[in-house]
Amino acid sequence: IFPASMDGDLLKLIHLSNGSRIDGAKPLQVGDVCKAEATIVSVTNTDAGKVVKVKGHVFRAAKPVIEVVSSFLYRGRFTDYENTFETTEEPDYIVALESDAAVGVLQSKEWFEWIDESKPLLAGTRLIFRVKSQVSFKDKTSYRDVSVTGEIFVRNQLKALVLVGT
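Per UniProt numbering, residue 1 is the first one in the sequence shown, and the count goes up by one each step.
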């Protein structure tokens, strides 16, 4: 079920949790053609053992219908921090740029990239930041690597999200 780097004995596997979320999609119906995808979003070493978190989605017509998150524990003592990581998708964060000064401060940040310079960023704009972070662990209490990526959106007149930056 899991990659060889997990070094997990299935006889020591404990199911910790299972959750699902339907985010505004119409429920699945008989005859729907669906596709499922899953990925490991974190592997962490704890005092109880190695915790693995898996996130999956069921898609219908290429749009997510259901999100499923499951966590498992491999009992034991693990020190292979080189194989541990955690990926976090943060909730959407809204930034209201209420002045030209706020626009200037944001544009001065080296990580901010506005996609279409022909449509300038203006005061009064509400930006929606969708951010994902990935950390890998050096040991139990410190990180070896931290990476943060994201996309920036605005809502158009139809309330649809429009990508405007990264």
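Note that the Cβ used here is the ideal one computed from N, Cα and C, for glycine as well.
### Message
Could you tell me the alpha carbon to alpha carbon distance between W65 and K55, rounded to whole angstroms?
### Response
The residue you asked about is not Trp; residue 65 is Val in the sequence shown. In a straight line, the C-alpha of V65 is about 13 Å away from that of K55.
### Task
Give the secondary structure of N45 by DSSP, where H, G and I count as helix, E and B as strand, and everything else as coil.
strand
### Message
On a Cα-Cα basis, can you pick out the residue from S108, G31, E113, G104 that is closest to F129?
### Response
E113
### Task
Report the rounded CA-to-CA distance for D23 versus S42, giving the unit in angstroms.
Spanning the two alpha carbons is a distance of roughly 22 Å.
### Query
If we count Cβ pairs, one from each stretch, closer than 8 Å, do we get three or more for the region 44-61 versus the region 101-110?
no
### Message
Need the endpoints of the beta strand (DSSP E) that D145 sits in, please.
### Response
143-155
### Query
Under 8 Å between the Cβ atoms of V164 and I115?
yes
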